[in-house]
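Engineer: My questions will all concern the structure given below.
In the numbering used here, the protein residues as written are 55 to 651.
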């Protein structure tokens, strides 16, 4: 007979007990599953936003009890941690019950956005029931994105060209609202809400008819840049976005559209007298009136009517050299764009129109973000876009026009070109002196290379006004691309400082005759650009500025040639026939002699 060990007997007893317990648990579980739940119909609102805006501010919690008990109702996090107590050991009877969560945690602070669950604890029955449905606390408004606006430019009031179609992504269970903002070109000024249009539920498409006004009275939108924002409502009752992006860097998608009634793109190359000037005219297919006149003359040389998208204007053979204007008129809209005309003969000084700067700094939206694209704020801008607004670029009437009118009065003859002229380098070779009659704030690396070569060969360069040559750009695929450069310096290595207070200038050095017969001090001028250093390899030959602050009007010798910077913002206006400064007129005559030599 085999003798059984005591340890083996104990193991068998334990195993038998586990089997019995397992079967008992199985039958108990089966009985619980088949019996009605002690907490029935436990339900919560799926989304809510406790932001006190009157919409879905609280989350109701509803359930039914099979029999009375002492009940605790909790809100717990996704991890099961207690967040808020809605009822603490409260005696509840059989039937339905409702509690409300206002979004606040037990410390009376609003709980963070996230996923939560309702939990019911029955003390006497020893049961804990958690809602299977998630409760989303969401106080953040929806971020709808305008994917595109088509077309990118509209002409309000013209059938077929007046409507902008908007497509967006975002919630559409509630009908969205299209908000139209006009973006202001001045830094720091927020866009202005000018129109509001209602959309349709479950439709991600809206449209704007090109009219502005928030009441019953609407009018055609003024020309400019506009930004579309689609306000929607999410499942938690949040409206958003609250307003437009504060800067172009915050823009997502392509929400911009340009309102344009009349515009033209002038030829970059100068037009010889007797030749033909070609303009690309944007008038939405309508018939317009046009005229061509020389800056400084009140009588048009030619005029006519057309509806052509490419306007061809013959320039008379006897036309004088100068800056000319193509002026367009259509209903109440006026537009003018400058171009260069070269007459007969050749003069020593070449006057340059800073067309690259006019285009690159033009405040027009080119990339569809609703904000203007200009250098150096943007990395690149199109090189063939029309100048916005009335067409006349910044500084044209305040600097270039009075300078050219002075040259006419003083009978100082010149040749002319655009800095984007394809023959720019060859034209420089024919002229000892080059004058930018308006400040070239942006210049291409190609033109800068030609100007440096011109000075090395003995040529003289001069420009009028502040901010000249502070932004370099290279041309790539018909776009100006900003070239990084040291801040506070111009393209020739001169470090600068702006003095907005301005004042009179005192003459210092005068070795090249720039200030011959000019009293000291002279002026005053409203705003000055002061030199803080001498460019590497250069020698200062003439200087005038406020005492002990650096020169504002200064000449440098660089190699065989050099340059002169007339760094007074209102120097051009000081040349006007009415109210001008005799000292400014004398400086211009002396500068002309320097450029001719």
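Even for Gly, the Cβ is constructed at its ideal location relative to N, Cα and C.
Would you kindly work out how many angstroms separate the C-alpha atoms of residue 9 and residue 447, rounded to a whole number?
Structural biologist: The structure shown does not extend to residue 9, since the chain is modelled only from 55 to 651, so the question has no answer here.
Engineer: By DSSP, does residue 410 sit in helix, in strand, or in coil?
Structural biologist: Three-state result, residue 410: helix.
Engineer: Using 8 Å as the cut-off, can you tell me whether the segment 464 to 477 makes contact with the segment 318 to 335, which would need three or more C-beta pairs spanning the two stretches below that distance?
Structural biologist: Contact holds: three or more Cβ-Cβ distances are below 8 Å.
Engineer: According to DSSP, simplified to helix, strand and coil, what is residue 459?
Structural biologist: Here residue 459 sits in helix by DSSP.
Engineer: Is it buried or exposed, residue 308, if we count other Cβ atoms within 10 angstroms and call 16 or more buried?
Structural biologist: Buried.
Engineer: Taking the alpha-carbon of residue 535 as reference, which of 337, 435, 171, 345 has the nearest alpha-carbon?
Structural biologist: Closest option to residue 535, Cα to Cα, is 435.
Engineer: Using 10 angstroms around the beta-carbon of residue 441, count the other beta-carbons present and answer buried if the total reaches 16, otherwise exposed.
Structural biologist: It is buried - the Cβ of residue 441 has at least 16 other Cβ atoms within 10 Å.
Engineer: Express the C-alpha separation of residue 122 and residue 93 in angstroms, rounding to a whole number.
Structural biologist: When rounded, the distance between both Cα atoms is 11 Å.
Engineer: Ends of the beta strand (DSSP E) at residue 142?
Structural biologist: Taken as a continuous stretch (DSSP letters only), the beta strand (DSSP E) holding residue 142 covers 136 to 146.
Engineer: CB residue 652 to CB residue 468, shorter than 8 Å?
Structural biologist: Since the first and last residues shown for the chain are 55 and 651, residue 652 lies out of range.
Engineer: Count the other CB atoms within 10 Å of the CB of residue 497; is the residue buried (16 or more) or exposed (fewer)?
Structural biologist: Residue 497 should be labelled buried.
Engineer: Threshold first: 3 residues or longer. Then list the beta strand (DSSP E) segments lying entirely within the segment 292 to 332, N to C.
Structural biologist: Correct list: 310 to 313, 317 to 319.
Engineer: If we ignore side chains and look at the alpha-carbon of each, how far apart do residue 338 and residue 346 end up?
Structural biologist: Roughly 21 Å separates the two Cα atoms.
Engineer: Enumerate in chain order the residues of its own chain whose CB-to-CB distance from residue 81 is below 7 Å, with the five nearest sequence positions on each side excluded.
Structural biologist: Here residue 81 scores only 40 on pLDDT, less than 50, and its place in the model should not be relied on; the value that follows carries that caveat. Taken in chain order, the list of residues that qualify is empty.
Engineer: Which term fits residue 382, buried or exposed, when burial requires 16 or more other beta carbons within 10 angstroms of its beta carbon?
Structural biologist: Residue 382 should be labelled buried.
Engineer: Alpha carbon to alpha carbon, what distance is there between residue 504 and residue 624?
Structural biologist: The straight-line gap from Cα to Cα measures roughly 28 Å.
Engineer: Between 370, 516, 540, 635, which lies nearest to residue 612 when the distance is taken from Cα to Cα?
Structural biologist: It is 516 whose Cα lies nearest to the Cα of residue 612.
Engineer: Where do the ends of the beta strand (DSSP E) carrying residue 611 lie?
Structural biologist: That run of the beta strand (DSSP E) goes 607 to 612.
Engineer: In this structure, does DSSP put residue 578 in helix, strand or coil?
Structural biologist: Three-state result, residue 578: strand.
Engineer: Assuming residue 261 and residue 193 make a contact with CB atoms under 8 Å, what is their CB distance in whole Å?
Structural biologist: Not confirmed; about 31 Å, so no contact.
Engineer: Starting from residue 149, follow the beta strand (DSSP E) in both directions and report where the run begins and ends.
Structural biologist: First-last of the beta strand (DSSP E) with residue 149: 149 to 155.
Engineer: Is DSSP giving residue 204 helix, strand or coil here?
Structural biologist: Looking at residue 204 - three-state DSSP - the assignment turns out to be strand.
Engineer: Mind checking residue 85: buried by the 16 CB within 10 Å criterion, or exposed?
Structural biologist: Note that residue 85 has pLDDT 43, beneath the 50 cutoff, so the model's placement of it is unreliable and the number below is only indicative. Label assigned to residue 85: exposed.
Engineer: Which residues in the same chain have their Cβ closer than 7 Å to the Cβ of residue 215, if we skip the five residues on either side of it in sequence?
Structural biologist: Excluding sequence neighbours, residue 215 sits near 208, 209, 338.
Engineer: Less than 8 Å between the beta carbons of residue 313 and residue 278, yes or no?
Structural biologist: In this structure, residue 278 lies closer than 8 Å to residue 313 by Cβ.
Engineer: Using CA coordinates, which residue listed in 537, 253, 302 is at the minimum distance from residue 414?
Structural biologist: Here the closest residue by C-alpha is 537.
Engineer: May I ask which residues mark the beginning and end of the beta strand (DSSP E) holding residue 249?
Structural biologist: Taken as a continuous stretch (DSSP letters only), the beta strand (DSSP E) holding residue 249 covers 246 to 252.
Engineer: Look at residue 263 and residue 201 and say whether their C-beta atoms are less than 8 Å apart.
Structural biologist: Going by C-beta atoms, residue 263 is not nearer than 8 Å to residue 201.
Engineer: Pick helix, strand or coil for residue 221, following the three-state DSSP scheme.
Structural biologist: Correct three-state label for residue 221: strand.
Engineer: Can you tell which of 310, 269, 610 has its C-alpha closest to the C-alpha of residue 298?
Structural biologist: Of 310, 269, 610, the residue nearest in Cα terms is 310.
Engineer: What does a CB cutoff of less than 6 Å around residue 548 pick up in its chain, not counting 5 residues either side in sequence?
Structural biologist: Correct list, in chain order: 585, 589.
Engineer: Could you spell out the range, first to last residue, of the alpha helix (DSSP H) harbouring residue 483?
Structural biologist: Counting along the chain, the alpha helix (DSSP H) containing residue 483 begins and ends at 478 to 483.
Engineer: Does residue 485 pass the burial test, meaning 16 or more other C-beta atoms within 10 Å, or should it be called exposed?
Structural biologist: Classification for residue 485: buried.
Engineer: Residue 649 lies in the alpha helix (DSSP H); which residues open and close that run?
Structural biologist: 636 to 650 is the span of the alpha helix (DSSP H), which, as asked, contains residue 649.
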